[in-house]
Amino acid sequence: MLDEVVLSLSEVEALALKAARGAGYSWGLAEEAAFATRWLCEQGLDGLRVLADHLDGLLTSGQAPLPPQMHALQWRAADTTPLCPIMTGAAINDHFGLPEGPRQGGLTIGPVAFPALLLPFVAIAAAREKVAAVLGWARCKVIVADGALLALEGNAACNVAQSINLTVIARATPAPRPFAGLPTKPDTGHLLAGLAHRTYVPATDQSRRGAGAAGTDNQ
Amino acid sequence: MIPERSPRTAFHRPPEQVMRLARMGSAHPTRLSFLRVMLRRMQTEGWRFDRPVWEIDSNGVGRAVYRAIGPARTYSLVAFAHDLPDHLRSDRVIATAWDATFALFDGTPTAADLDRLQANVPLQEAGRVSPSELSLSRANRSVRLFAHVVDRLAEGRQPDKAEIDAVGYLMRTTAVYGSGKFGAADRAAIADRPELRGPFQAEMLSVWLTRSFTIDLAEHLAAVKGGATAVRLAQDLRRSLGVGNSTGLGMAPFLIKHPTLLNNWMMAREEALARVRGQPMAEAAAIDGYRSALQAATLNAASWTSEHPVQLAKLADLRGDLARLEVQAFPDGPYPWNALWLWAETALSLEGQEALVALMLEPHGALIDGLGDCMDADEVAAFALDGSISIAAFRTGLHQRYAWALGQDYDQRAQAARFWYVSEEKLEPRLGERFDEDGAALELPIGTARMVADLDRALAEWPADQPLAGFLLAHPEYRFMARRVQQSARHPYAEIHDNLLAADMLPIDILRCKLAFFGASHFDPRSDRWVRIALFQNQPFPEDLQTETDHVG
Chain A
2 MLDEVVLSLS EVEALALKAA RGAGYSWGLA EEAAFATRWL CEQGLDGLRV
52 LADHLDGLLT SGQAPLPPQM HALQWRAADT TPLCPIMTGA AINDHFGLPE
102 GPRQGGLTIG PVAFPALLLP FVAIAAAREK VAAVLGWARC KVIVADGALL
152 ALEGNAACNV AQSINLTVIA RATPAPRPFA GLPTKPDTGH LLAGLAHRTY
202 VPATDQSRRG AGAAGTDNQ
Chain B
10 MIPERSPRTA FHRPPEQVMR LARMGSAHPT RLSFLRVMLR RMQTEGWRFD
60 RPVWEIDSNG VGRAVYRAIG PARTYSLVAF AHDLPDHLRS DRVIATAWDA
110 TFALFDGTPT AADLDRLQAN VPLQEAGRVS PSELSLSRAN RSVRLFAHVV
160 DRLAEGRQPD KAEIDAVGYL MRTTAVYGSG KFGAADRAAI ADRPELRGPF
210 QAEMLSVWLT RSFTIDLAEH LAAVKGGATA VRLAQDLRRS LGVGNSTGLG
260 MAPFLIKHPT LLNNWMMARE EALARVRGQP MAEAAAIDGY RSALQAATLN
310 AASWTSEHPV QLAKLADLRG DLARLEVQAF PDGPYPWNAL WLWAETALSL
360 EGQEALVALM LEPHGALIDG LGDCMDADEV AAFALDGSIS IAAFRTGLHQ
410 RYAWALGQDY DQRAQAARFW YVSEEKLEPR LGERFDEDGA ALELPIGTAR
460 MVADLDRALA EWPADQPLAG FLLAHPEYRF MARRVQQSAR HPYAEIHDNL
510 LAADMLPIDI LRCKLAFFGA SHFDPRSDRW VRIALFQNQP FPEDLQTETD
560 HVG
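Chains as they are written, first to last, in our numbering: chain A, 2 to 220; chain B, 10 to 562.
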């Protein structure tokens, strides 16, 4: 993984799953991280870069991923540490149609690390509820509809959004976006592969013995 | 088509019966198996085949291209033949060199494409392919049989039939990678093509064309060696050769990682069986078809060899049961297929029962072949959790669908004896002994039985009227299993109803189920976690499809 390489979406998903797991997420959240990363890549955004930066930030800071605390129309962090975008995104998916969700007057969420990772969750939850959604932070505004990216103004790449506004709007249909393939930068690939490596068990003689055929291969 | 919630009738076997490992490990190929689905389509649509490139030298080294030309698109198997020293020949995934390597190309490759592939395909996992490729695979020779066939043909004689029957293939694939692996096309990019929508259709095509290559290569080497004396392989011997496949543990986690896909395979087969059982009468032609399928199955069982004690016992069961079916009078009266089935459930072993499923489906193509279009899965659509369901409603469903897993003591050593993990060595999935080996902290989420029991215990501590969303926010560690429980609501055959961590669990049962859906007909376990099979034995070759019209049922 030392050269720039174009990964297929299934490779993106597999790498993201292992890297998130290697960074300490539970399997269920690692699956969410993989889904989100693949979705961003499908929409033409560098999902692997965002995930790599997020996981790197977690490991560098030594902070555990932080879930949101839910108040009326506001999801907040317990202190000044930014919320985990994977946990927050999964919570948006799970709560979208519930009173804690954005359907009754929108939500203000923040601070959130790497807010681009929220987009996939909002996109599929909104599509399920047959609505579209607008997210805004700093100098960025994003509309997701029908499970995809409809519009993006500004730059979605951002390490921390202090406050995100999430509002629900009427459903819309974006034009289909063929997946073109994104080159993955060597440092991104290297970082994620390093995290993925943490999920592998070192080989021992005992593990080798159990792996193969009992007899010979040739006949 | 299977209705979204097809009413389960008295003719349907419930998941509690179907999804047990012992039964899945007795699975037989049916006319809904993926290679049969592929051959039927090519036959119906009048596909054409050719071999535009054959650049193989007198040492058997070089490249070749086999094309399958369909009504809308063309696919090409690009084959590279290598000179492999014997000591490097290994079926293990950790091997780094093979007798032959392959890619299935989307379209007709140019010389530049072939050069690009030649620089990568022989390296397999260490190379890169592109979205123009649909699969990447490799194969090793059956050294002794391959040499026997070449030598005999070179002498102008046919090989010994007994030798061919004992092995069944000239080469065996040791891995066939599809779906975006190593840079190949993503499934999403090709899933809207009717000919590739079904499961593993690109992989099946690749293996089928590989079969032709193995025979062409043997005949080529015989001609080099024998010159004018050499002869070609006789038709009946060709036909009995398939492509071997050596499958280890790596394939087992697939069925657990893809629950909605497993459901759709099982549900299609079970719906097919229910339709046949639900026929009020049996047509004479269908009874004839059943009888000929029974004869073919008896021949297949007779030629099926294994040295593994588990398989030897199963083979004895199978042969005994097929003999019992042979003498069993076909039932009179209404719903005769159902009567036959109900008799089998009391009289036959699991091997015999599952063989009978295939025999009963065989003569009913018009009734069931459409189900072959229902065996793919939209896994993206099934992914998102519904957090709005109440804990009470969620648990009710869990208790209904996972009763098999609850009430066990997973703290007992025998219930938690194993753990599944990915080895650092070429990222091979392996199975460890929890109480003897390190690494259990890195175990894969395969122990569904224990996970669902843990989840249920945790849910019991949570207010029943609250939505699932709040529980998952507080307990992300249960999110993985909660998703599976929710998926199983609409996919009743999604879970294997056995403890996959248990000391007595046999991984070959999982492998056999999957390989039977591929269409494998001989299963020869080499250990409790490693199995040899053959694909496409006694099936037509491309040139047969072009000239014959009635053999692909």
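Note that the Cβ used here is the ideal one computed from N, Cα and C, for glycine as well.
- By the C-beta density criterion, S35(B) is buried, having at least 16 other C-beta atoms within 10 angstroms.
- Runs of the alpha helix (DSSP H) spanning 4 or more residues and lying entirely within the segment 35-99 of chain A occur at 48-62 and 86-96, in chain order.
- Against chain B, the CB of D147(A) has no partner CB under 8 Å away; the residue lies outside that interface.
- Straight through space, the alpha carbons of A473(B) and L16(A) are spaced by roughly 37 Å.
- Between the alpha carbons of A128(B) and G136(B) lies a gap of roughly 8 Å.
- Within the segment 140-161 of chain B, the residues whose Cβ lies closer than 9 Å to any Cβ of chain A are, in chain order, P140, N149, R150, S151, V152, R153 and L154.
- If you check each beta-carbon in the segment 370-395 of chain B against every beta-carbon of chain A, the ones closer than 7 Å belong to F392, A393 and L394.
- The C-alpha of R29(B) lies about 10 Å from the C-alpha of N508(B).
- By the rule that beta-carbons nearer than 8 Å mark a contact, V113(A) does not touch chain B.
- The beta carbon of A197(B) sits closer than 8 Å to some beta carbon of chain A.
- Proximity to S497(B) across H373(B), M276(B), F428(B) and A291(B) peaks at M276(B), based on C-alpha coordinates.
- Between R538(B) and the set E388(B), W350(B), R439(B) and L554(B), the nearest pair of CA atoms involves R439(B).
- Put simply, the backbone Cα of F339(B) is about 7 Å away from that of P345(B).
- For R210(A) and V6(A), the gap between their C-alpha atoms comes out near 35 Å.
- At a cut-off of 8 Å between beta-carbon atoms, S62(A) makes no contact with chain B.
- Counting the other Cβ atoms within 10 Å of the Cβ of K523(B) gives 16 or more, which makes it buried.
- Of all alpha-carbon atoms in L67(A), G107(A) and A53(A), the one lying nearest the alpha-carbon of L74(A) is that of G107(A).
- Per DSSP, reduced to three states, the secondary structure at M384(B) is coil, with no helix or strand assignment.
- Under a 10 Å Cβ-count criterion, K19(A) is classified as buried, with 16 or more other Cβ atoms of the shown protein chains found around its own Cβ.
- Inclusion of L544(B) and G287(B) in the CB contact set at 8 Å is not warranted, their separation being larger than that value.
- Within the segment 105-137 of chain A, those residues whose Cβ lies closer than 8 Å to any Cβ of chain B are, in chain order, I125, A126 and R129.
- Residues of the same chain with a CB within less than 8 Å of the CB of Q546(B), apart from the 5 flanking positions on each side, are G177, Y178, S249, L250, G251, S530 and H531 in chain order.
- When secondary structure is reduced to three states using DSSP, I505(B) falls in the coil class, being assigned neither helix nor strand.
- Rounded to the nearest whole angstrom, the C-alpha separation of G342(B) and Q26(B) is 26 Å.
- In the three-state scheme derived from DSSP, where H, G and I count as helix and E and B as strand, S536(B) is classed as strand.
- Take the alpha-carbon of A173(A) and the one of A386(B): they are about 26 Å apart.
- Contact check for E33(A) against A91(A) passes: the beta carbons are separated by less than 8 Å.
- Under the three-state reduction of DSSP output, D245(B) falls in the helix class.
- Counting of Cβ neighbours within 10 angstroms places F444(B) among the exposed residues, the total staying below 16.
- Looking at the DSSP output, W138(A) bridges to C141(A).
- Put simply, the CB of S432(B) is near chain A, with a gap under 8 Å to one of its CB atoms.
- Shown here, G23(A) sits in a helix according to DSSP, grouped into three states.
- Beta bridge pairing from DSSP links D115(B) with Y84(B).
- Taken through DSSP and simplified to helix, strand or coil, F444(B) comes out as coil.
- DSSP places D395(B) in no alpha helix (DSSP H); its state is neither H nor E.
- Going by beta carbons, P501(B) and P203(B) fall outside the 8 Å limit.
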